[in-house]
Each structure stands twice: as structure tokens, then as C-alpha cells.
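Numbering (this note's numbering), first residue to last: 0 to 440. Structure, as C-alpha cells:
See below:
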């Protein structure tokens, strides 16, 4: 990149928003995806705009000089999608972090796209509202990145995914033009193309989202969280289906395999000095919650408990285990589970293949997961089945393994594992990603 490009960026944005020193550039050289030192790539220049027009100015300079552009947000992506390419301008979008309007009557929020999910909900809480999109990375992940990657959250089985919230977006195109797509505050429309939905999962390839209008909701008065163990994964799925068929409004539902269950019981034993009362036959654990008015929530819990019992499942008695799991989805700090990793893996991070698998083939996918991980010499962390369509059992599955990203060979084996798992998903009539996105695949 020529110095003239950098000079032009400084002229249009000001010196305080354009950075070329090595230290700053290095901090943007990776995201959360496993990668050893030789996988790093630094941008040529970093810019930190604070408005849509400033983003547009950067893209115009890049277009006029044939320079690639990479948008960057919280860096929590697990697929390498925000890793800079050689010679690029990296746009740090986190300066676009203002809530522009909270419309309590119409229950929508207009916000810049660089605000974190947590910060947005802190502002909405002042109005008794919340945005239920709730990834574990919310302290760092941003609204724009959530749209770009179409990632999931804890409450998808009730509220859905990004397209279910998104009413319109402001986008900077590849030529630096600013366009608004969508239907402002109307919750439904049969007018024209749904072009704003094209931005969901586009990962910046069609433009950079700088502003979004989102549906928001009243915070529930009460919430209950429960967990139940079953003799098979399919039994857990069946009970969840029966809850929905019965008319219960399930707020969240996560099904974990036996390996993950073992981590939870190990953590509980480490913390309390005794094992939880989990039957030896347990092969799966279903965590679920209900939110709403207290009477409705209590009825839902009792009805769901009866379905668990009829299916031969057992509710988990240890509230510490259940509540610690719930806390782990929201605070990233959960005392009972600080020791959940095996000692041999304490210095490793995890990576995942995030597949969408048809309901009836989950058991088959789980067996293949164990086989493919073993073939690539990777220790499994376990399988977790999320659900991302409102009132539907809609598997969004994390097939996680431990990865030492200080070991280049292990990282390469991990990406081979992801490739093989992705092909397996397609063979099972599924899809290769449900929350990470395409990234570098």
C-alpha cells in the first residue's frame, strides 16, 4: 500500500483514527479461531471510524486505490472471518457504538452496529426492554458482527435468529455508497425484496453494516431453569418436541452429550467434594428454561417435569449445577465449573464444527463426530445441541474439540477435522455452519 493511501485516509478521518504502528496492527492479526504463530496476518493500516459517513470515506479510498478492506469487531469469531488479508485496510467498527433511538411503544431499537450486545442490553434495560439475542461472547461481540455471521444465542428456540429481529440496516457498499435496506419499523411487509436479509450471514462480502433497527421485547417477570438427564440423545430430543407440541413456550433448550455431562459432574465434584446424584445410565442432559409471568412459568415447569418423568428421564436435583450452567451462559465466570477442563487440557482452547443436522440424524452425527475426532488425534470436549427457530426443535450443533494453538500440527489437524465434519453434515442432508459462518472454510 502506498503512503499516499494512508495520507488520504488521515486527511479524510484525521490522524487520531488512522494507525500504522506495528503494535496496533498486531492486535488485529487474529480472531478467536485456533491459529499458531505462522497463521498470523497483520493489516497494512487500521482505521477507527465513528460514523457511517467515515466508514464510507474509508471504503471510497480503498475502492479508488484497489485496496482490500476487512471489517473487524470484537474478534470473538471462531472461523477466521475477521483475520486480515495481506495489504488490507482494517476497519475497526467498534467506534460506532451509540444507541440512536429506543422506541418503547413500537418495541424497536435503532443502534449503530459497533455496539456490543451487552452494552445494547444495558441501555435497553433502562426502559424495561431487552434484545434476546444472547451469545456467550456478548461482552465483546457486536450487533453488526452478529448480523454478518448470523450467529446464535441462548434464546433462539423462542425468539429466533438474526433475521427474526432485523427490520432494516444501513450499509456501506463496496464502492462507498450508503444505502438503507428494509422497512424501517414495520414488523412485517410484503413490499419489495427483503434485501436487508441478504446482509445476514454475508460476513461483510456485500457491504459493511453500520446501523440496524431491531425488534426488542419486554423483560420477562420470572424465569425458571431446569435440567434433566436421559438414557439417549434421541430421548432428550423427543421430550423437547413434546414440550413444544403441548403448547409450552420454551425459552431456551440445550442438549448436551455424555462427555459434556461428565465435565459438569467433574466440576461439581471438584467444587463440592461429592458427586451429584446423576444416574450411571445417563447419556444426555437437557437444560431448559421458561420465562414470563410467574404463574405461567410455574405451570410450564410442572408440565415439563411430568413429560420428563413419563419419558424415563430424571430431573437434576443439585440446583448448584443447574444454576452454575445458566450463569456460565451469561457471565463467563462460574465458580463451580472453574475446574471443568481435564488437567491435560488446561492450557488449550477449544474449536468447533458448528453443524446443522436434521433432527432424525443426530445420533448418527454424534457417532461420526467421535470417529472423525479420533481419526485426527483430537480429544473431544463434547456435543451441545442448541435450537434457533421459534417453537421448533431446530438443531444448531457445536461439535467441540480441544486444540493447542501453540502446536501448528494440532491446529492443522483441527482444520482437517472441521473440513471432514462439514462434508459429513452435507452427506446427512444438513449444513456446515449454524453460528460460526463460512470464515476461512
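All residues carry an ideal CB built from backbone N, CA and C; glycine is no exception. Note that the structure is predicted; figures quoted are calculated from it, not measured.
The bridge partners DSSP lists for residue 222 are 290.
By the 16-neighbour rule on beta-carbons within 10 angstroms, residue 280 is exposed. Between residue 302 and residue 151, the C-beta spacing is not below 8 angstroms. C-alpha of residue 33 to C-alpha of residue 417: approximately 12 angstroms in a straight line. Between the C-alpha atoms of residue 225 and residue 60 there is a straight-line separation of about 54 angstroms. Between residue 310 and residue 251 a beta carbon distance of about 19 angstroms is seen, past the 8 angstroms cut, so the two are scored as non-contacting.
Contact fails between the stretch 392–406 and the stretch 312–331, because fewer than three Cβ pairs, one in each stretch, are under 8 angstroms apart. Spatial neighbours of residue 202 in its own chain (CB-CB distance under 7 angstroms, excluding positions within 5 residues in sequence) are listed in chain order as 80, 147, 148, 436, 437. Cα atoms of residue 174 and residue 187: separation of roughly 30 angstroms, rounded to the nearest angstrom.
Taking a C-beta distance under 8 angstroms as the contact criterion, residue 58 and residue 87 do not qualify as a contact pair.
Runs of alpha helix (DSSP H) with 4 or more residues, each lying fully within the stretch 246–299, are found at 257–271, listed in chain order. One alpha carbon belongs to residue 241, the other to residue 383, and they sit about 20 angstroms apart.
Nearest C-alpha to residue 138 among 101, 169, 261, 73: 73. In the DSSP annotation of this structure, the continuous segment of the beta strand (DSSP E) that includes residue 394 starts and ends at 394–402. Straight through space, the alpha carbons of residue 83 and residue 22 are spaced by roughly 15 angstroms. The shortest C-alpha to C-alpha distance from residue 299 to any of 249, 261, 273 is the one to 249.
By DSSP's assignment, residue 111 forms a beta bridge with 210. Counting the other Cβ atoms within 10 Å of the Cβ of residue 110 gives 16 or more, which makes it buried. In this structure, the straight-line span from the alpha carbon of residue 210 to that of residue 231 is close to 44 angstroms. With contact defined as three or more Cβ pairs closer than 8 angstroms, the stretch 11–19 and the stretch 41–56 are in contact. Excluding its 5 nearest sequence neighbours in each direction, residue 126 has C-beta neighbours in its own chain below 7 angstroms: 101, 103, listed in chain order. It is roughly 35 angstroms from the alpha-carbon of residue 234 to the alpha-carbon of residue 144. The stretch 208–222 makes contact with the stretch 157–169; the number of CB pairs closer than 8 angstroms reaches 3 or more.
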